[in-house]
Each structure stands twice: as structure tokens, then as C-alpha cells.
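These notes concern the structure reproduced below.
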Amino acid sequence: MVIWRGEKAFAVINLFPYTGGHCLVAPYDHLGQLGDLDSQTMTEIMEMLRDLQAVLEKGLCAEGFNIGINLGRCAGAGLPGHLHAHIVPRWGGDTNFMPVFGEVRVIPEFLETTYNRILKTADELGMGGRYNIAKD
20 MVIWRGEKAF AVINLFPYTG GHCLVAPYDH LGQLGDLDSQ TMTEIMEMLR
70 DLQAVLEKGL CAEGFNIGIN LGRCAGAGLP GHLHAHIVPR WGGDTNFMPV
120 FGEVRVIPEF LETTYNRILK TADELGMGGR YNIAKD
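If you're matching positions, the sequence shown starts at 20 in this note's numbering and goes up one per residue.
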């Protein structure tokens, strides 16, 4: 579920989200460390995170965000050697007992519905000219 394609990086909705609207931004190149990124790639990743924050705030009414990068397996990187940034929308009271006792996360809508809301909001905010808005 690709959201945007830039020149050096792309944004996708996470298929295994922590919360609804959890997205990832990654470079096209398989790079494992921040020091491996050239300035253009680093800038594009940060701009996509900035723009996704605006989209998720407006489209999903997110009240806060966790934004981060896990480097190395011991830090939680699911794909060591391929850097990617997470942007996780948050809402007051969005944690509950399900992950602790049920080992399951509760997401309030289907991923495809969230994906379509993100694309629609990005279009409403005029971000079609900045990135290639995905339609696949």
C-alpha cells in the first residue's frame, strides 16, 4: 500500500500497524545506517515524515505522534540493513489491555479504509504535486 513515491524515498502504510495509520518511510536504496544516506535522501525522508504528520493529523484526527528509526536487530529493526522511519499516530487513551493480556492489537478500521483516507487527505492538502500519489 504505497502512499507516495519520491525521487529517493517512498512512503507506505504499515501492514502490521501499532495503531491505525502507522506508516513507514524508506529510501529506495538498501542502506542500513543514517551515515549511509546522502543529503537528498535524508531530506526527502524528513519531508515525507513532516507531510505524513500533517495528513494523519487532519485525516485521522491524530492528537500526537511517535516518529522513530530502529537501527539494528537488537533495537527492533525488522529488516536489518534497510533503514526505514516509522510514524505512528496516537490518540489520548489509545492504549488498552489487549496487547498485554491478549497479545493482539485492536485497529479501529480496515487497512484499506485507512489507506484510502490517507490518500484522500493528501490530495485535499495539495500534496499531489510534491510526490507521486500512488493509486496501486
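Ideal Cβ positions, reconstructed from N, Cα and C, are used throughout, including at glycine.
Original post:
Roughly how many angstroms lie between the CA atoms of Ala-94 and Ser-58, to the nearest whole one?
Top reply: As the crow flies, the alpha-carbon of Ala-94 is around 24 Å from that of Ser-58.
**OP:** Just confirm the distance between the C-beta atoms of His-105 and Leu-43, as a whole number of angstroms; I'd bet it's less than 8 Å.
**Re:** 6 Å
Subject >> Presumed contact (8 Å Cβ cut-off) between Leu-79 and Pro-46, rounded CB distance >> reply: Going by Cβ atoms, the distance from Leu-79 to Pro-46 rounds to 25 Å, so no, they are not a contact pair.
**OP:** Just the C-alpha distance for Lys-139 and Thr-133, rounded to the nearest angstrom, thanks.
**Re:** The alpha-carbon separation between Lys-139 and Thr-133 amounts to approximately 10 Å.
**OP:** Take the Cβ of Thr-60 as the centre, count every other Cβ of all protein chains shown within 10 Å, and call the residue buried at 16 or more, exposed below.
**Re:** buried
Original post:
Roughly how many angstroms lie between the CA atoms of Gly-51 and Ile-88, to the nearest whole one?
Top reply: 11 Å
Original post:
Nearest-angstrom Cα distance between Gly-40 and Leu-75?
Top reply: 7 Å
Subject >> Distance between Trp-110 and Met-67 (C-alpha atoms, nearest Å) >> reply: 21 Å
Original post:
When we look at the beta-carbon of Gly-25 and count the other beta-carbons within 10 Å, is it buried (16 or more) or exposed?
Top reply: Burial is judged here by how many other beta carbons sit within 10 angstroms of a residue's own beta carbon; Gly-25 has at least 16 and is buried.
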